[in-house]
Every structure is written in C-alpha cells, then in structure tokens.
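A quick write-up on the structure given underneath.
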Amino acid sequence: MIGFVQILRRDLRLAQRQGMDSVMAVMFFVIAVVLFPFGVGPEPNILARIAAGVIWVAALLSSMLSLERLFQTDYEDGSLELLTLSPITLEVAVLAKITAHWLTTGLPLIIAAPLLAVLLNMSVSGFPMLILALALGTPSLSLIGGVGAALILGSRRGGVLLSLLILPLYIPVLIFGVSAVDAVIGGFEAKAQLLIMAGFLLAALPLCPWAAAAALRQSVE
Amino acid sequence: MTMLFHRFANPTRFLRLAAVIQPWMAGITLLLGAAGLYLGLVGSPGDYQQGQSVRIMYVHVPAAWMALFIYSSMAISAAVGLIWKHPLADLIAKSSAPIGACFTFLSLLTGSLWGKPMWGTWWVWDARLTSMLVLFFLYLGYMALVNAFDDPQRGIRASSILVLVGFINVPIIKFSVDWWNTLHQPASVFKMGGPSIDPSMLWPLMLMAVAFNTYYVWALLVRVRAEIIANRIRILRLKQVHG
Amino acid sequence: MASIAEFFGMGGYAGYIWPSYIVTVVLMVGLLVVSRRQLRSNEQTYKMLDAARSEENKDGTVEKKT
Chain A
23 MIGFVQILRR DLRLAQRQGM DSVMAVMFFV IAVVLFPFGV GPEPNILARI AAGVIWVAAL
83 LSSMLSLERL FQTDYEDGSL ELLTLSPITL EVAVLAKITA HWLTTGLPLI IAAPLLAVLL
143 NMSVSGFPML ILALALGTPS LSLIGGVGAA LILGSRRGGV LLSLLILPLY IPVLIFGVSA
203 VDAVIGGFEA KAQLLIMAGF LLAALPLCPW AAAAALRQSV E
Chain B
3 MTMLFHRFAN PTRFLRLAAV IQPWMAGITL LLGAAGLYLG LVGSPGDYQQ GQSVRIMYVH
63 VPAAWMALFI YSSMAISAAV GLIWKHPLAD LIAKSSAPIG ACFTFLSLLT GSLWGKPMWG
123 TWWVWDARLT SMLVLFFLYL GYMALVNAFD DPQRGIRASS ILVLVGFINV PIIKFSVDWW
183 NTLHQPASVF KMGGPSIDPS MLWPLMLMAV AFNTYYVWAL LVRVRAEIIA NRIRILRLKQ
243 VHG
Chain C
49 MASIAEFFGM GGYAGYIWPS YIVTVVLMVG LLVVSRRQLR SNEQTYKMLD AARSEENKDG
109 TVEKKT
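Residue numbers (my numbering), protein chains in the order written: chain A, 23 to 243; chain B, 3 to 245; chain C, 49 to 114.
Here it is in structure tokens:
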C-alpha cells in the first residue's frame with residue numbers, strides 16, 4: 023500500500039514538473055473534436071446525432087497519446103529493472119503508474135468533455151451521463167493501455183504499434199460508453215450499459231496490471 | 003500424455019515428424035478440397051431463396067471457422083509457451099498468425115461478395131462481419147508486434163501475452179458488437195441456410211471445412227520448420243561471431 | 049454449349065461467386081508457396097553456414113561441433 027502511494031506520488035510529481043502531458047491530451051481532445059464540424063458540416067442536428075460518438079472516439083485517441091511513455095523513461099534509465107527487483111510488488115507498481123496516467127490524462131478529459139459537448143450541440147440531458155460514462159470508462163482505457171505500453175517496450179515504432187494493438191480492445195468500452203449517453207438522451211435508462219462498464223473496470227483492475235507486469239518482466243529479461 | 007508433450011519439444015524430432023505428416027496433410031487437403039470444390043460449384047443445387055450465390059457459403063463459412071479456430075490455437079499455444087516454456091509452442095503461435103489472418107481476410111472478402119447481391123452494398127456493419135473485422139485487426143496487431151523487435155525471442159514472448167489478452171477480449175468484443183448491432187440495425191440480419199441445411203449443401207461445406215483444416219496443418223508445418231531452421235541459423239551466426 | 053455458359057454464368061451471380069473462389073484459391077496457394085520458399089531459403093542458408101563452420105574446423109583446430 024505504501025509502495026503504491028510512493029510510486030503514485032513520484033509519477034504525479036514527474037508529470038507535474040513536465041506539465042505538458044495533461045495539457046497536450048486536452049488540446050488534442052479539443053482539436054480532434056473541433057475537426058468534425060469542419061468534416062461533416064455545421065448543421066446542428068447532425069452534430070447532435072454524432073456528438074456522443076465523436077467525443078468518445080476523441081477521448082480514446084487522446085488517452086492513448088501519453089501511453090507510450092508510461093514505462094518508456096523508466097525502461098531506458100534502468101529504473102524499471104530496479105522496480106522488478108524491489109520489494110514492491112510489480113503489479114502494484116504498475117497499478118500506481120496507470121493510476122497516475124489516468125489522473126493526468128483521463129481526468130482532464132472528463133473535465134473538458136462538457137465543453138466539447140456544447141460545441142457539438144449535444145442535448146443537455148446527456149451531459150451528466152457523459153461525465154459518468156467517461157468516469158467509468160477512462161480508467162479501463164488507462165488499464166488496457168498500460169498493458170499495451172508494457173508490451174511495446176524496446177520495440178521499433180512503438181507509438182503507432184501501440185495504437186494498432188489496443189484500439190481493437192477499446193471497442194467494447196467505446197460501444198457501451200456511447201450507448202449509455204445516447205440512451206439517456208433518447209429518454210431511456212442506461213443502467214445496463216453502466217453495469218457492463220463497471221464490470222469491465224472491475225475485471226480490468228486485477229487483470230491488466232497482472233498482464234502488464236508479465237510483459238514488463240519479459241522486457242527486462 | 004506429458005511424455006508425448008516432452009517428446010516433441012525437441013525440435014529435431016519435430017522436424018522428422020513434420021516431414022512424415024506433411025505429405026499426408028497435403029494429399030488430404032488437395033483431395034478433399036477438389037471434392038469440396040466440385041460439389042460446391044457443380045454437384046449441389048442453388049438455394050431457393052438466394053439462388054446460386056449460396057455457393058459462396060462453401061468458402062465463406064469454413065474461412066470464418068478457421069479464422070476463429072486458428073486464433074484459439076494461437077491462444078492455447080501462447081499459454082503453453084508462457085506457462086510450460088515449451089519451445090515449440092511459441093513458434094506454433096507465430097507461424098499460425100499469417101494463416102489465420104489470411105482466412106480472416108478471405109471471410110471478410112467473401113462475406114462482402116456474398117452480401118452485395120443480398121443487401122445491395124459491398125459492406126454492411128452486421129455483427130458477424132464487424133466481429134471478423136475486429137478479429138482481423140487482432141491478427142494484424144499480433145503480426146506487427148511479433149516482428150517489431152530486433153530480438154525475435156522478445157517479439158514472440160510479448161506477442162504471446164498479446165494474443166492471450168486478445169483471446170479473452172474476443173467474447174467481450176462479440177458481445178459488444180452484437181449489442182451495438184441490435185441498437186442500430188433492428189432489421190433482421192441475414193441468416194445462413196435457415197434452421198437446417200439440406201444434406202446436399204452440408205457435404206460441400208463439411209468437405210471444405212476439413213480441407214481448410216488440413217491445409218492449416220500443412221501450412222503450419224512448413225512455417226514452423228522454417229522457424230526452427232531460422233533459429234538454428236541465428237545460433238550458428240552467433241557462434242561465428244563469438245567463436 | 050449452353051450448359052457450360054450457364055455454369056460460368058452462375059445464374060447471374062458469376063461476378064460474386066467466381067472472384068470469391070478464385071481469390072480464395074490464389075491466396076491459400078500463394079501463402080503456401082511463400083512459406084515453402086522461405087523454408088527452402090532457410091534450409092539453403094543453414095546448409096551453407098553449417099558447411100562453412102566445418103570448413104573452419106578443418107584447419108587443424110580441435111573444436112567440438114555442436
């Protein structure tokens with residue numbers, strides 16, 4: 023537990039000093055979403071129809087941006103190897119790093135989302151669910167992304183490869199996340215979607231750090 | 003059982019076994035494939051509903067079955083490789099991937115060709131085709147990762163984890179895509195053949211399915227042999243450098 | 049021969065059926081050919097390297113060839 027907090031603190035401090043990761047993620051998020059009216063036309067009805075989907079896809083892509091570096095710097099300067107040898111369980115350390123990633127990337131996206139929903143003329147009834155669904159979904163994205171980030175360590179062309187690997191795995195979260203928002207806008211309940219997303223998160227919490235740790239051990243062998 | 007398992011961990015023994023089995027696989031594939039093709043194209047009737055286009059089913063369905071079956075084999079091999087460190091298991095996974103990707107692509111292509119006369123468009127986002135598309139990306143991701151490292155061993159080991167993660171996700175993806183599909187396409191999805199398939203159609207289907215399976219073993223043996231020898235080349239080259 | 053033409057026509061679905069079958073066969077055969085070529089090439093390379101190694105040993109050095 024102490025180890026978790028230690029590593030979480032360290033990563034947050036590093037992110038804070040760097041400063042740019044959160045800002046860049048949000049900026050990319052905004053720009054990506056803003057592209058759509060240019061692409062499909064500014065007509066409010068069309069934008070409202072695609073708003074939930076566009077925001078979710080953009081959130082997916084934005085959260086992927088900083089994933090490549092999740093373990094990269096530690097891998098390069100040797101601290102990853104030290105981490106595998108330290109008394110802190112590697113899985114716990116991984117979970118701490120992924121948590122830091124979510125706090126610096128996912129959370130800002132959730133905060134920025136309502137503004138973008140306004141830009142896309144999304145019905146106001148969907149705003150609370152948008153935030154809730156993103157809050158449930160983005161941790162899963164960080165968790166799955168963490169596995170991908172661990173797998174590509176030491177590979178050529180890591181960043182693009184990472185996208186190819188994890189975007190298919192993001193699809194279920196995307197489907198249910200958008201469905202939850204669209205359901206509420208349409209006047210229906212979104213309980214099933216939320217339960218399913220909660221299920222994903224609960225399953226990902228133990229499994230993803232485990233898989234990522236296995237991949238990390240392989241990379242330092 | 004475990005003795006059998008360990009007997010064929012030895013690459014040399016595997017090579018000898020492969021040399022024996024391979025011609026048989028080739029022969030069966032060609033024989034059953036020819037029979038399946040004949041029955042599929044000539045010896046079976048058209049469908050009362052779909053006409054002659056039902057013949058595409060005889061390549062589309064076996065291809066789709068193989069796409070799934072091969073991915074499952076890869077997952078099992080990967081698990082065996084990770085847990086028991088069986089040296090051939092990883093190679094079987096790596097060698098299977100292009101074959102599986104090929105079948106997935108074929109199922110998508112023939113699915114599209116089968117659907118055009120049916121639905122009027124070249125692509126439809128129905129649950130089955132969409133799931134196949136995602137599976138195709140899983141294959142491509144595996145192949146990209148396995149070749150992305152300078153050290154081939156690292157590539158194989160990383161990919162083994164990837165394929166297991168993907169395998170666990172396949173039912174989740176299938177479930178999600180089904181959900182997504184019923185949300186957006188309340189119209190009934192095309193059902194192949196109805197509740198029971200006429201025996202005259204069952205024969206070509208089964209023959210092709212078996213032929214595709216023996217083809218998989220055939221191609222797999224060729225590729226694994228190539229991998230084993232590639233490993234030996236690598237070892238020889240290292241010895242040359244280091245004396 | 050009307051029946052051969054009919055056969056190739058496949059009741060109007062020829063444009064869908066024949067490409068399906070032909071691409072299937074071409075890809076499957078192609079994959080096999082490429083794989084076999086790779087195998088042959090590897091076997092050649094291995095033979096060469098192996099021969100070169102035993103050549104090295106012929107200059108009198110006593111080295112165990114593994």
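Note that the Cβ used here is the ideal one computed from N, Cα and C, for glycine as well.
Exercise. Beta-carbon separation of Ala202(A) and Met219(A) under 9 Å?
Worked result: Position 180 of the first sequence, counted from the start, is the residue given in the question as residue 202(A). Position 197 of the first sequence, counted from the start, is the residue given in the question as residue 219(A). Contact flag set, yes.
Exercise. Pro100(B) versus chain C: which residues are under 7 Å apart at the beta carbon?
Worked result: Stepping through the second sequence from its first residue, residue 100(B) is reached at position 98. Neighbours of Pro100(B) on chain C, chain order: Leu79.
Exercise. Can you list the beta strand (DSSP E) stretches of 3 or more residues lying completely in the segment 81-163 of chain A, in chain order?
Worked result: Those beta strand (DSSP E) runs which fall completely within the segment 81-163 of chain A and span 3+ residues do not exist here.
Exercise. For Ala118(A), which residues from the same chain have a beta carbon less than 6 Å from its beta carbon, with the 5 sequence-adjacent residues on both sides left out?
Worked result: Position 96 of the first sequence holds residue 118(A). Only Phe26, Ile29 and Leu30 meet the Cβ criterion.
Problem set entry | Segment contact flag, the segment 159-170 of chain A with the segment 68-77 of chain A, C-beta cutoff 8 Å, min 3 pairs | They do not touch, by the three-pair rule.
For this session: Could you name the residues of the same chain whose beta carbon sits closer than 7 Å to that of Ala171(A), not counting the 5 residues immediately before and after it, in chain order?
Result: Counted from its first residue, the first sequence places residue 171(A) at position 149. Taken in chain order, the residues that qualify are Leu89, Glu90, Leu92, Phe93 and Leu184.
For this session: Rounded to whole angstroms, what's the CA-CA distance from Ile133(A) to Ile175(B)? Just pull it up for me.
Result: Start at 1 with the first residue of the first sequence, and residue 133(A) comes out as number 111. Start at 1 with the first residue of the second sequence, and residue 175(B) comes out as number 173. Near 28 Å, if we compare the C-alpha coordinates of Ile175(B) and Ile133(A).
For this session: Compute every distance between the C-beta of Leu112(A) and the non-hydrogen atoms of the ligand NAD, then say whether any falls below 8 Å.
Result: This structure lacks the ligand NAD; in fact it carries no ligand of any kind.
Exercise. For Ser98(B), which of Met76(B), Val243(B), Leu90(B) and Trp182(B) has the nearest alpha-carbon?
Worked result: For the purposes of this step, residue 98(B) is taken as residue 96 along the second sequence, with counting starting at 1. By alpha-carbon distance to Ser98(B), the top candidate from Met76(B), Val243(B), Leu90(B) and Trp182(B) is Met76(B).
For this session: Could you list which residues in chain B have their beta carbon closer than 7 Å to that of Ser83(C), in chain order?
Result: On the third sequence, residue 83(C) is found 35 positions in, with the first residue counted as 1. Those are Ala221, Val224, Arg225 and Ala228, listed as they occur along chain B.
Exercise. Under 7 Å Cβ-Cβ, which residues of chain B neighbour Arg179(A)?
Worked result: By one-based count along the first sequence, residue 179(A) stands at place 157. Under the 7 Å cutoff, chain B gives Ala150.
For this session: Can you tell me which of the three DSSP states Asp200(B) falls into?
Result: Counting from 1 along the second sequence, the entry for residue 200(B) is found at position 198. Asp200(B) falls in the coil class under three-state DSSP.
Problem set entry | Min CB distance Ala65(B) to chain C below 9 Å | For the purposes of this step, residue 65(B) is identified with residue 63 of the second sequence, where counting begins at 1. Taking Cβ atoms only, chain C reaches closer than 9 Å to Ala65(B), which makes this a yes.
For this session: Could you check what DSSP says for Gly208(A) in three-state terms: helix, strand or coil?
Result: In the first sequence, counting from the first residue as 1, residue 208(A) sits at position 186. If DSSP states are grouped into helix, strand and coil, Gly208(A) belongs with coil.
Exercise. Three-state secondary structure (DSSP) at Gly122(B)?
Worked result: Here residue 122(B) refers to the residue found at position 120 when the second sequence is read from its first residue. Assigned with DSSP and collapsed to three states, Gly122(B) falls in coil, not helix or strand.
Exercise. Does Gln240(A) get closer than 9 Å to chain B when you measure Cβ to Cβ?
Worked result: For the purposes of this step, residue 240(A) is taken as residue 218 along the first sequence, with counting starting at 1. Chain B, which has a Cβ nearer than 9 Å to the Cβ of Gln240(A), makes this yes.
For this session: With 9 Å as the threshold, decide whether the Cβ of Lys93(A) is near any Cβ in chain B.
Result: Taking the first sequence and counting its residues from 1, the one referred to as residue 93(A) is at position 71. The sequence shown places Phe at residue 93(A), not Lys. No, no contact with chain B.
Exercise. Looking only at DSSP bridge pairs, what is Gly53(B) linked to?
Worked result: Within the second sequence, numbered from 1, the residue matching residue 53(B) stands at position 51. Its beta-bridge partners are Asp49(B).
For this session: Report yes if the CB atom of Phe58(A) is closer than 9 Å to the CB atom of Val76(A), and no otherwise.
Result: Position 36 of the first sequence, counted from the first residue, corresponds to residue 58(A). Position 54 of the first sequence, counted from the first residue, corresponds to residue 76(A). Yes. Within cutoff.
Exercise. Anyone know if the C-beta pair for Leu34(B) and Met210(B) falls short of 9 Å?
Worked result: In the second sequence, residue 34(B) corresponds to position 32, counting from 1. In the second sequence, residue 210(B) corresponds to position 208, counting from 1. For the pair Leu34(B) and Met210(B), the CB atoms are nearer than the 9 Å cut-off.
For this session: Just the C-alpha distance for Ala155(A) and Phe222(A), rounded to the nearest angstrom, thanks.
Result: To locate residue 155(A), count along the first sequence from 1; it is residue 133. To locate residue 222(A), count along the first sequence from 1; it is residue 200. Between the alpha carbons of Ala155(A) and Phe222(A) lies a distance of about 12 Å.
Exercise. Val169(A) and Val226(B) look like a contact to me (Cβ under 8 Å); what is the Cβ gap, rounded to whole Å?
Worked result: Along the first sequence, one-based indexing puts residue 169(A) at 147. Along the second sequence, one-based indexing puts residue 226(B) at 224. That pair is no contact at about 27 Å.
For this session: Could you check the C-alpha separation between Asp128(B) and Leu138(A) for me, to the nearest Å?
Result: Along the second sequence, one-based indexing puts residue 128(B) at 126. Along the first sequence, one-based indexing puts residue 138(A) at 116. Computed Cα separation, rounded: 30 Å.
For this session: Identify each residue in the segment 61-72 of chain C for which the Cβ-Cβ distance to at least one residue of chain B is less than 9 Å, and report them in chain order.
Result: Residues Tyr61, Ala62, Gly63, Tyr64, Ile65, Pro67, Ser68, Tyr69, Val71 and Thr72.
Exercise. What whole-angstrom Cβ distance do Ser85(A) and Leu131(A) have, given they're in contact under 8 Å?
Worked result: Locating residue 85(A) in the first sequence gives position 63, where the first residue counts as 1. Locating residue 131(A) in the first sequence gives position 109, where the first residue counts as 1. Yes, Ser85(A) and Leu131(A) are in contact; Cβ-Cβ is about 7 Å, under 8 Å.
Exercise. Is Ile174(A) helix, strand or coil when you go by DSSP?
Worked result: The count along the first sequence starts at 1 and reaches residue 174(A) at position 152. It is coil, neither helix nor strand.
For this session: Identify whether Trp150(B) lies in helix, strand or coil by the three-state DSSP scheme.
Result: For this step, residue 150(B) is matched to residue 148 along the second sequence. Just to set this straight, residue 150(B) is Ala in the shown sequence, not Trp. Ala150(B): coil per DSSP, three-state reduction.
Exercise. Hey, Trp116(B) and Tyr64(C): beta-carbon distance below 9 Å or not?
Worked result: Stepping through the second sequence from its first residue, residue 116(B) is reached at position 114. Stepping through the third sequence from its first residue, residue 64(C) is reached at position 16. Yes, the pair counts as a contact, with Cβ atoms nearer than the cut-off.
Exercise. Taking any Cβ of chain B, which residues in the segment 44-71 of chain A have a Cβ under 8 Å from it, in chain order?
Worked result: Residues of the segment 44-71 of chain A whose Cβ lies closer than 8 Å to any Cβ of chain B: none.
Problem set entry | Given 8 Å, three or more beta-carbon pairs between the segment 71-84 of chain C and the segment 101-108 of chain B | A contact between stretches requires three or more CB pairs, one per stretch, nearer than 8 Å, and the segment 71-84 of chain C meets this requirement with the segment 101-108 of chain B.
Exercise. In or out: Ala228(B) buried (at least 16 other Cβ within 10 Å) or exposed?
Worked result: The residue you call residue 228(B) lines up with position 226 of the second sequence. Buried is the label assigned to Ala228(B), since at least 16 other Cβ atoms lie within 10 Å of its Cβ.
Problem set entry | Residues within the segment 220-237 of chain A neighbouring chain B, beta-carbon criterion of under 7 Å | The segment 220-237 of chain A vs chain B, Cβ under 7 Å: Ala233, Ala236 and Ala237.
Exercise. Which residues mark the beginning and the end of the alpha helix (DSSP H) in which Trp86(B) is found?
Worked result: As a first step, residue 86(B) is located in the second sequence; it is residue number 84 there, counting from the start. Taken as a continuous stretch (DSSP letters only), the alpha helix (DSSP H) holding Trp86(B) covers Met59 to Trp86.
For this session: Could you check how far apart the C-beta atoms of Gly143(B) and Pro190(A) are, in whole angstroms? I think they sit under 8 Å.
Result: Position 141 of the second sequence holds residue 143(B). Position 168 of the first sequence holds residue 190(A). The pair is a contact, with the Cβ atoms about 7 Å apart (cut-off 8 Å).
For this session: Go to Asp128(B), then tell me how far its alpha helix (DSSP H) extends in each direction, as first and last residue.
Result: Sequence index remark: in the second sequence, residue 128(B) carries index 126 (1-based). According to the DSSP assignment, Asp128(B) belongs to no alpha helix (DSSP H), since it is labelled neither H nor E.
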